[in-house]
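Enquirer: Take a look at the following structure, please.
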Amino acid sequence: MNFIKSIKDVQEYDIKKEERLLHSAQHEDILSGVTTDIYFITTMNILEHMGIADKEVVVEIFARKSGVFVGIEEVKNILKDKNIEMWALEEGSEFEPKETLVRIKGPYKNFAIYESIILGCLASPSGWATASKEVKEACGEKGFICFGTRHVHPSVAPVMERAAKIGGAGSVSNILTAKLIGENPTGTLPHAAFLVAGDTLEVAKAYDEIMPNDYKRIVLVDTFKDEVEETLRLAKEMGERLYGIRLDTPSERGGVTPELVKEIRARLDLEGYNWVKIFVSGGLKPDKIKILSEAGVDSFGVGSYISGAPAIDMTMDIKEIEGKPVAKRGRIPGIISNQRLVKML
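Spelled out as C-alpha coordinates, the structure:
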(Lines of atoms letter the chains of each structure in order from A and count residues from 1; the text may use other names and numbers.)
(Lines give C-alpha, C1' and ligand atoms only; values in the text may rest on other atoms or scores of the structure.)
Protein backbone atom coordinates (compact mmCIF):
# COMPACT_ATOMS: atom_id res chain seq x y z
CA MET A 1 0.00 0.00 0.00
CA ASN A 2 1.36 3.44 -0.98
CA PHE A 3 1.02 6.09 1.69
CA ILE A 4 0.45 9.72 0.85
CA LYS A 5 3.42 11.66 2.22
CA SER A 6 3.74 14.75 0.08
CA ILE A 7 1.99 17.17 -2.20
CA LYS A 8 3.81 15.45 -5.06
CA ASP A 9 2.23 12.14 -4.01
CA VAL A 10 -1.18 13.80 -4.12
CA GLN A 11 -0.57 15.23 -7.59
CA GLU A 12 0.59 11.88 -8.93
CA TYR A 13 -2.11 9.81 -7.24
CA ASP A 14 -4.15 7.97 -9.89
CA ILE A 15 -7.57 6.72 -8.79
CA LYS A 16 -8.41 4.89 -12.06
CA LYS A 17 -11.94 6.25 -12.34
CA GLU A 18 -13.02 3.54 -14.75
CA GLU A 19 -12.47 0.92 -12.02
CA ARG A 20 -14.44 2.73 -9.33
CA LEU A 21 -18.16 2.15 -9.60
CA LEU A 22 -18.98 3.97 -6.36
CA HIS A 23 -17.82 7.31 -4.98
CA SER A 24 -17.21 5.98 -1.47
CA ALA A 25 -13.76 5.44 -0.02
CA GLN A 26 -12.38 1.93 0.19
CA HIS A 27 -10.40 0.58 3.14
CA GLU A 28 -7.13 1.08 1.27
CA ASP A 29 -8.02 4.70 0.52
CA ILE A 30 -8.54 5.47 4.20
CA LEU A 31 -5.43 3.67 5.40
CA SER A 32 -3.23 5.24 2.71
CA GLY A 33 -4.29 8.72 3.80
CA VAL A 34 -6.13 9.97 0.71
CA THR A 35 -9.32 10.69 2.65
CA THR A 36 -7.59 13.24 4.87
CA ASP A 37 -7.61 17.03 4.47
CA ILE A 38 -4.88 18.30 2.17
CA TYR A 39 -3.52 20.73 4.77
CA PHE A 40 -2.16 17.86 6.86
CA ILE A 41 -0.02 16.80 3.90
CA THR A 42 1.16 20.38 3.51
CA THR A 43 1.96 20.50 7.22
CA MET A 44 4.05 17.35 7.03
CA ASN A 45 5.94 18.65 4.01
CA ILE A 46 6.80 21.84 5.92
CA LEU A 47 7.86 20.00 9.08
CA GLU A 48 9.92 17.51 7.07
CA HIS A 49 11.64 20.42 5.31
CA MET A 50 12.41 21.93 8.71
CA GLY A 51 13.70 18.60 10.03
CA ILE A 52 11.24 18.46 12.95
CA ALA A 53 8.47 16.12 11.73
CA ASP A 54 9.57 13.35 14.09
CA LYS A 55 9.15 15.36 17.29
CA GLU A 56 7.35 13.37 19.98
CA VAL A 57 3.95 14.85 20.70
CA VAL A 58 0.96 14.05 22.87
CA VAL A 59 -2.46 14.86 21.47
CA GLU A 60 -5.85 14.62 23.15
CA ILE A 61 -9.34 14.41 21.69
CA PHE A 62 -12.45 15.86 23.34
CA ALA A 63 -16.03 16.71 22.40
CA ARG A 64 -17.99 19.80 23.34
CA LYS A 65 -21.14 17.92 24.32
CA SER A 66 -21.96 14.65 26.02
CA GLY A 67 -22.65 11.40 24.22
CA VAL A 68 -21.88 7.73 23.75
CA PHE A 69 -18.33 6.98 22.62
CA VAL A 70 -18.11 4.77 19.52
CA GLY A 71 -15.50 4.30 16.80
CA ILE A 72 -12.32 3.63 18.75
CA GLU A 73 -12.00 0.10 17.34
CA GLU A 74 -11.52 1.54 13.85
CA VAL A 75 -9.05 4.08 15.19
CA LYS A 76 -7.06 1.24 16.76
CA ASN A 77 -6.88 -0.54 13.43
CA ILE A 78 -5.76 2.62 11.64
CA LEU A 79 -2.95 3.32 14.12
CA LYS A 80 -1.90 -0.17 15.22
CA ASP A 81 1.31 -0.27 13.15
CA LYS A 82 2.32 3.37 13.52
CA ASN A 83 4.68 3.05 16.53
CA ILE A 84 2.49 5.16 18.79
CA GLU A 85 0.81 4.73 22.18
CA MET A 86 -2.89 5.34 22.63
CA TRP A 87 -5.27 5.54 25.58
CA ALA A 88 -9.02 5.96 25.20
CA LEU A 89 -12.43 5.41 26.73
CA GLU A 90 -13.81 1.97 26.07
CA GLU A 91 -16.31 1.63 23.26
CA GLY A 92 -19.86 2.34 24.39
CA SER A 93 -18.83 4.54 27.33
CA GLU A 94 -20.84 7.66 28.04
CA PHE A 95 -18.83 10.87 28.17
CA GLU A 96 -19.22 14.46 29.32
CA PRO A 97 -18.43 17.74 27.53
CA LYS A 98 -14.71 18.53 27.35
CA GLU A 99 -13.77 15.13 28.83
CA THR A 100 -10.57 13.67 27.40
CA LEU A 101 -11.69 10.79 25.20
CA VAL A 102 -8.44 9.77 23.49
CA ARG A 103 -4.75 10.41 24.13
CA ILE A 104 -2.12 9.58 21.51
CA LYS A 105 1.63 9.77 22.06
CA GLY A 106 4.37 9.32 19.48
CA PRO A 107 6.35 10.94 16.63
CA TYR A 108 4.03 13.46 15.03
CA LYS A 109 4.86 12.29 11.50
CA ASN A 110 3.57 8.80 12.32
CA PHE A 111 -0.06 9.84 12.68
CA ALA A 112 -0.45 13.50 11.64
CA ILE A 113 -2.17 12.78 8.32
CA TYR A 114 -4.83 10.70 10.10
CA GLU A 115 -6.24 13.51 12.26
CA SER A 116 -9.33 14.15 10.12
CA ILE A 117 -9.81 10.43 9.56
CA ILE A 118 -9.65 9.62 13.28
CA LEU A 119 -12.04 12.42 14.20
CA GLY A 120 -14.48 11.26 11.52
CA CYS A 121 -14.31 7.67 12.76
CA LEU A 122 -15.42 8.92 16.18
CA ALA A 123 -17.75 11.83 15.43
CA SER A 124 -20.47 10.21 13.31
CA PRO A 125 -20.66 6.86 15.15
CA SER A 126 -20.81 8.65 18.50
CA GLY A 127 -23.68 10.77 17.21
CA TRP A 128 -25.58 7.71 15.98
CA ALA A 129 -24.96 5.80 19.21
CA THR A 130 -26.11 8.76 21.29
CA ALA A 131 -29.38 8.97 19.35
CA SER A 132 -29.83 5.23 19.78
CA LYS A 133 -29.38 5.63 23.53
CA GLU A 134 -32.12 8.27 23.55
CA VAL A 135 -34.43 5.87 21.72
CA LYS A 136 -33.61 3.09 24.16
CA GLU A 137 -34.43 5.34 27.10
CA ALA A 138 -37.78 6.16 25.51
CA CYS A 139 -38.50 2.46 24.93
CA GLY A 140 -37.78 1.53 28.55
CA GLU A 141 -37.98 -2.24 28.94
CA LYS A 142 -39.22 -2.64 25.38
CA GLY A 143 -36.90 -3.19 22.47
CA PHE A 144 -36.33 -1.64 19.07
CA ILE A 145 -34.73 -2.56 15.76
CA CYS A 146 -32.54 -0.12 13.83
CA PHE A 147 -34.06 0.47 10.39
CA GLY A 148 -31.67 3.23 9.33
CA THR A 149 -29.87 1.68 6.37
CA ARG A 150 -32.02 3.32 3.70
CA HIS A 151 -31.26 6.80 5.02
CA VAL A 152 -27.47 6.78 4.63
CA HIS A 153 -24.93 5.88 1.96
CA PRO A 154 -24.49 2.10 1.84
CA SER A 155 -20.78 2.38 2.50
CA VAL A 156 -21.43 3.75 5.99
CA ALA A 157 -24.70 1.96 6.75
CA PRO A 158 -22.91 -0.85 8.64
CA VAL A 159 -20.99 1.73 10.69
CA MET A 160 -24.25 3.48 11.55
CA GLU A 161 -26.17 0.35 12.51
CA ARG A 162 -23.24 -0.99 14.55
CA ALA A 163 -23.22 2.30 16.46
CA ALA A 164 -26.98 2.01 16.96
CA LYS A 165 -26.51 -1.46 18.39
CA ILE A 166 -23.89 -0.22 20.84
CA GLY A 167 -26.14 2.68 21.79
CA GLY A 168 -29.07 0.45 22.69
CA ALA A 169 -30.77 -1.14 19.67
CA GLY A 170 -31.90 -4.70 20.31
CA SER A 171 -31.05 -5.75 16.77
CA VAL A 172 -30.24 -4.43 13.31
CA SER A 173 -31.70 -5.03 9.86
CA ASN A 174 -28.53 -4.51 7.81
CA ILE A 175 -27.10 -7.88 6.79
CA LEU A 176 -23.41 -6.88 6.79
CA THR A 177 -23.73 -5.15 10.16
CA ALA A 178 -25.27 -8.24 11.70
CA LYS A 179 -22.49 -10.44 10.34
CA LEU A 180 -19.81 -8.06 11.61
CA ILE A 181 -21.21 -8.13 15.15
CA GLY A 182 -21.90 -11.87 15.13
CA GLU A 183 -25.68 -11.73 15.10
CA ASN A 184 -28.53 -12.43 12.70
CA PRO A 185 -30.25 -9.52 10.95
CA THR A 186 -33.82 -8.81 12.02
CA GLY A 187 -36.68 -7.44 9.95
CA THR A 188 -40.26 -7.84 8.84
CA LEU A 189 -41.58 -7.21 5.32
CA PRO A 190 -41.85 -4.05 3.20
CA HIS A 191 -45.05 -2.75 1.66
CA ALA A 192 -43.64 -3.76 -1.73
CA ALA A 193 -44.21 -7.45 -1.01
CA PHE A 194 -47.90 -6.87 -0.35
CA LEU A 195 -48.42 -4.49 -3.25
CA VAL A 196 -46.87 -6.90 -5.75
CA ALA A 197 -48.88 -9.86 -4.42
CA GLY A 198 -52.10 -7.88 -4.04
CA ASP A 199 -53.28 -9.31 -0.73
CA THR A 200 -51.89 -9.13 2.80
CA LEU A 201 -53.15 -12.53 3.89
CA GLU A 202 -51.73 -14.35 0.88
CA VAL A 203 -48.30 -12.84 1.53
CA ALA A 204 -48.55 -13.75 5.21
CA LYS A 205 -49.37 -17.35 4.40
CA ALA A 206 -46.47 -17.65 1.97
CA TYR A 207 -44.21 -15.97 4.53
CA ASP A 208 -45.26 -18.54 7.10
CA GLU A 209 -44.65 -21.44 4.71
CA ILE A 210 -41.12 -20.53 3.65
CA MET A 211 -39.56 -19.18 6.84
CA PRO A 212 -37.82 -21.34 9.50
CA ASN A 213 -40.01 -22.29 12.45
CA ASP A 214 -38.05 -20.12 14.86
CA TYR A 215 -38.46 -17.01 12.68
CA LYS A 216 -40.90 -14.47 14.12
CA ARG A 217 -43.79 -13.82 11.76
CA ILE A 218 -44.48 -10.08 11.94
CA VAL A 219 -46.80 -8.82 9.21
CA LEU A 220 -47.66 -5.31 8.00
CA VAL A 221 -51.38 -4.56 8.23
CA ASP A 222 -51.77 -1.07 6.74
CA THR A 223 -51.28 -1.66 3.01
CA PHE A 224 -54.84 -2.27 1.78
CA LYS A 225 -57.45 -2.43 4.51
CA ASP A 226 -58.30 -0.91 7.86
CA GLU A 227 -55.54 -1.89 10.27
CA VAL A 228 -57.91 -3.46 12.80
CA GLU A 229 -59.73 -5.47 10.14
CA GLU A 230 -56.49 -6.73 8.61
CA THR A 231 -55.02 -7.60 12.00
CA LEU A 232 -57.99 -9.76 13.01
CA ARG A 233 -58.06 -11.38 9.58
CA LEU A 234 -54.44 -12.45 9.97
CA ALA A 235 -54.84 -13.62 13.54
CA LYS A 236 -57.84 -15.77 12.66
CA GLU A 237 -56.01 -17.44 9.76
CA MET A 238 -52.52 -17.86 11.28
CA GLY A 239 -53.33 -18.43 14.93
CA GLU A 240 -50.32 -18.68 17.21
CA ARG A 241 -47.93 -18.68 14.25
CA LEU A 242 -48.58 -14.95 13.95
CA TYR A 243 -46.03 -13.43 16.30
CA GLY A 244 -47.04 -9.85 15.68
CA ILE A 245 -48.35 -7.17 13.36
CA ARG A 246 -46.55 -4.04 12.21
CA LEU A 247 -48.12 -0.61 11.95
CA ASP A 248 -46.46 1.85 9.60
CA THR A 249 -49.45 4.00 8.71
CA PRO A 250 -48.18 6.96 6.63
CA SER A 251 -48.49 10.57 7.73
CA GLU A 252 -50.90 11.14 4.85
CA ARG A 253 -53.38 8.98 6.80
CA GLY A 254 -52.53 10.46 10.18
CA GLY A 255 -49.70 8.09 11.08
CA VAL A 256 -49.85 5.59 13.90
CA THR A 257 -51.88 7.03 16.78
CA PRO A 258 -52.24 5.90 20.40
CA GLU A 259 -55.95 5.42 19.77
CA LEU A 260 -55.28 3.03 16.90
CA VAL A 261 -52.86 1.02 19.01
CA LYS A 262 -55.32 0.82 21.90
CA GLU A 263 -58.12 -0.33 19.61
CA ILE A 264 -56.03 -3.05 17.98
CA ARG A 265 -54.83 -4.29 21.37
CA ALA A 266 -58.34 -4.33 22.78
CA ARG A 267 -59.87 -6.13 19.80
CA LEU A 268 -57.08 -8.71 19.71
CA ASP A 269 -57.58 -9.45 23.39
CA LEU A 270 -61.37 -9.62 23.06
CA GLU A 271 -61.00 -12.20 20.28
CA GLY A 272 -58.55 -14.23 22.35
CA TYR A 273 -55.42 -13.30 20.39
CA ASN A 274 -53.55 -11.90 23.37
CA TRP A 275 -50.19 -13.34 22.22
CA VAL A 276 -50.05 -11.13 19.10
CA LYS A 277 -47.50 -8.33 19.55
CA ILE A 278 -47.79 -4.82 18.15
CA PHE A 279 -44.73 -3.49 16.36
CA VAL A 280 -44.61 0.13 15.12
CA SER A 281 -42.31 1.96 12.72
CA GLY A 282 -42.34 5.11 10.62
CA GLY A 283 -40.48 8.31 11.51
CA LEU A 284 -40.46 7.59 15.22
CA LYS A 285 -38.81 9.91 17.72
CA PRO A 286 -38.38 9.43 21.49
CA ASP A 287 -41.39 11.53 22.47
CA LYS A 288 -43.76 9.59 20.23
CA ILE A 289 -42.20 6.28 21.25
CA LYS A 290 -43.07 7.02 24.88
CA ILE A 291 -46.68 7.81 23.98
CA LEU A 292 -47.12 4.72 21.80
CA SER A 293 -45.44 2.51 24.38
CA GLU A 294 -47.95 3.64 27.00
CA ALA A 295 -50.73 2.88 24.51
CA GLY A 296 -49.61 -0.73 24.20
CA VAL A 297 -46.90 -1.02 21.54
CA ASP A 298 -44.53 -3.90 22.27
CA SER A 299 -41.54 -2.95 20.13
CA PHE A 300 -40.38 -0.40 17.57
CA GLY A 301 -38.50 0.08 14.33
CA VAL A 302 -36.46 3.28 14.31
CA GLY A 303 -34.53 4.61 11.34
CA SER A 304 -34.22 8.30 10.54
CA TYR A 305 -33.94 9.52 14.14
CA ILE A 306 -30.72 7.52 14.48
CA SER A 307 -29.36 7.71 10.94
CA GLY A 308 -30.04 11.44 10.76
CA ALA A 309 -28.43 12.26 14.10
CA PRO A 310 -25.72 14.93 13.79
CA ALA A 311 -22.13 13.95 14.33
CA ILE A 312 -20.67 14.91 17.69
CA ASP A 313 -17.86 17.29 16.82
CA MET A 314 -14.49 16.04 18.03
CA THR A 315 -11.38 18.18 18.46
CA MET A 316 -7.77 16.97 18.55
CA ASP A 317 -5.30 19.24 20.37
CA ILE A 318 -1.54 18.94 20.75
CA LYS A 319 -0.92 19.05 24.52
CA GLU A 320 2.80 18.21 24.79
CA ILE A 321 5.83 18.49 22.51
CA GLU A 322 8.98 16.65 23.59
CA GLY A 323 7.54 16.44 27.11
CA LYS A 324 6.79 20.17 27.37
CA PRO A 325 3.17 21.26 28.00
CA VAL A 326 1.78 23.36 25.14
CA ALA A 327 -1.58 24.58 23.85
CA LYS A 328 -2.97 27.13 21.46
CA ARG A 329 -4.56 30.25 22.92
CA GLY A 330 -7.79 29.55 24.77
CA ARG A 331 -6.75 26.04 25.82
CA ILE A 332 -4.89 24.89 28.94
CA PRO A 333 -1.38 23.53 28.20
CA GLY A 334 -0.54 19.98 29.20
CA ILE A 335 -2.30 16.66 29.54
CA ILE A 336 -5.81 16.70 31.03
CA SER A 337 -6.11 13.71 33.33
CA ASN A 338 -8.91 11.18 32.91
CA GLN A 339 -8.72 8.04 35.03
CA ARG A 340 -11.22 6.32 32.75
CA LEU A 341 -8.79 6.09 29.83
CA VAL A 342 -7.63 2.57 29.00
CA LYS A 343 -4.39 1.65 27.21
CA MET A 344 -5.35 0.65 23.67
CA LEU A 345 -1.98 0.59 21.88
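Each residue of the sequence shown is one higher than the one before, counting from 238 in the numbering used here. The beta-carbon is built from N, C-alpha and C at its ideal position, and this holds for glycine as well. Since the structure is predicted, the reported quantities are computational estimates derived from the model, not experimental observations.
#1: Enumerated in chain order, which unbroken segments of the alpha helix (DSSP H) with a length of 4 residues or greater are wholly contained in the stretch 305-371?
#2: If you draw a straight line from the C-alpha of Glu496 to the C-alpha of Leu484, how long is it?
#3: By the DSSP assignment, the alpha helix (DSSP H) with Val271 in it spans what residues?
#4: Starting from Lys583, follow the alpha helix (DSSP H) in both directions and report where the run begins and ends.
#5: Do you know whose CA, among Glu508, His390, Ser363, Cys358, lies nearest Ile315's CA?
#6: Under three-state DSSP, which class holds Ile455?
#7: What first and last residue would you give for the beta strand (DSSP E) that runs through Gly481?
#8: Under the three-state reduction of DSSP, which class applies to Glu420: helix, strand or coil?
#9: I'd like the ranges of any beta strand (DSSP E) spanning at least 3 consecutive residues and lying wholly in the stretch 480-550.
#10: When we look at the beta-carbon of Gly304 and count the other beta-carbons within 10 Å, is it buried (16 or more) or exposed?
#11: Which residue marks the beginning of the beta strand (DSSP E) containing Phe299, and which one marks its end?
#12: Exposed or buried, which one is Trp365 when buried takes at least 16 other CB atoms within 10 Å?
#13: Does DSSP put Pro395 in a helix, in a strand, or in coil?
#14: Quick one: what's got a C-beta closer than 6 Å to Pro228's C-beta in the same chain, skipping five residues either side?
#15: DSSP on Gly380, reduced to helix/strand/coil?
#16: Output the distance between the C-alpha atoms of Lys580 and Ala472, rounded to the nearest integer angstrom.
#17: Is Glu333 close to chain B? Criterion is C-beta to C-beta, closer than 8 Å.
#18: To the nearest angstrom, report how far apart Ile298 and Pro334 are at their CA atoms.
#19: Any contact between the stretch 344-355 and the stretch 386-396? By contact I mean 3 or more CB pairs, one from each, below 8 Å.
#20: Please name the residue or residues paired with Ser410 in a DSSP beta bridge.
#21: If distances are taken between C-alpha atoms only, which option among Ile278, Pro570, Glu336, Glu557 comes closest to Glu293?
#22: How would you label Gly540, buried or exposed, when you count the other beta carbons within 10 angstroms and need 16 or more for buried?
#23: Take the Cβ of Lys525 as the centre, count every other Cβ of all protein chains shown within 10 Å, and call the residue buried at 16 or more, exposed below.
#24: To which residues does DSSP link Val579 through a beta bridge?
#25: Can the beta-carbon of Phe384 be found less than 8 Å from the beta-carbon of Gly407?
#26: State buried or exposed for Val433, treating a residue as buried only when at least 16 other CB atoms are found within 10 Å of its CB.
#27: For a quick check, are the C-beta atoms of Ile543 and Ala368 less than 8 Å apart?
#28: I'd like the list of long-range same chain contacts for Ser269, defined as Cβ closer than 7 Å, with 5 residues on each side in sequence excluded.
Expert: Here's the rundown:
#1: With a minimum length of 4 residues, the continuous alpha helix (DSSP H) runs that stay inside the stretch 305-371 are 309-316.
#2: In a straight line, the C-alpha of Glu496 is about 13 Å away from that of Leu484.
#3: In the DSSP assignment, Val271 falls outside any alpha helix (DSSP H) and carries neither an H nor an E.
#4: The shown model of the chain, from 238 to 582, leaves out residue 583, and the question about it has no answer.
#5: Of the candidates Glu508, His390, Ser363, Cys358, the one whose C-alpha sits nearest the C-alpha of Ile315 is Cys358.
#6: Judged by DSSP in its simplified three-state form, Ile455 adopts strand.
#7: Secondary structure note for Gly481: its beta strand (DSSP E) is the uninterrupted segment 481-484.
#8: Note: Glu420 maps to coil in three-state DSSP.
#9: As far as the stretch 480-550 is concerned, its whole beta strand (DSSP E) runs of at least 3 residues are 481-484, 514-518, 536-539.
#10: Using a 10 angstroms sphere on the CB of Gly304, the tally of other CB atoms reaches 16 or more, which defines it as buried.
#11: Unbroken beta strand (DSSP E) run through Phe299: 293-300.
#12: Answer is buried; the Cβ neighbour count reaches 16.
#13: In the three-state scheme derived from DSSP, where H, G and I count as helix and E and B as strand, Pro395 is classed as helix.
#14: Absent from the model: residue 228. The displayed extent of the chain is 238 to 582, so no value can be given.
#15: Note: Gly380 maps to strand in three-state DSSP.
#16: Computed Cα separation, rounded: 54 Å.
#17: Note that chain B does not occur in the displayed structure, where there is just one protein chain.
#18: One Cα belongs to Ile298, the other to Pro334, and the distance between them is close to 11 Å.
#19: Touching, no, given that fewer than three Cβ pairs across the two stretches are closer than 8 Å.
#20: Per DSSP, none; premise fails for Ser410.
#21: When Ile278, Pro570, Glu336, Glu557 are compared, the shortest CA-CA separation from Glu293 is found for Glu557.
#22: By the neighbour-count rule (16 or more Cβ atoms within 10 Å), Gly540 is buried.
#23: Answer is buried; the Cβ neighbour count reaches 16.
#24: The beta-bridge partner set that DSSP reports for Val579 consists of Ala325.
#25: For Phe384 and Gly407, no; Cβs fall outside 8 Å.
#26: Burial state of Val433 is exposed, judged by a 10 Å Cβ sphere holding fewer than 16 other Cβ atoms.
#27: Yes, they are a contact pair.
#28: Excluding positions up to five away in sequence, the list reads Met238, Asn239, Phe240, Ile241.
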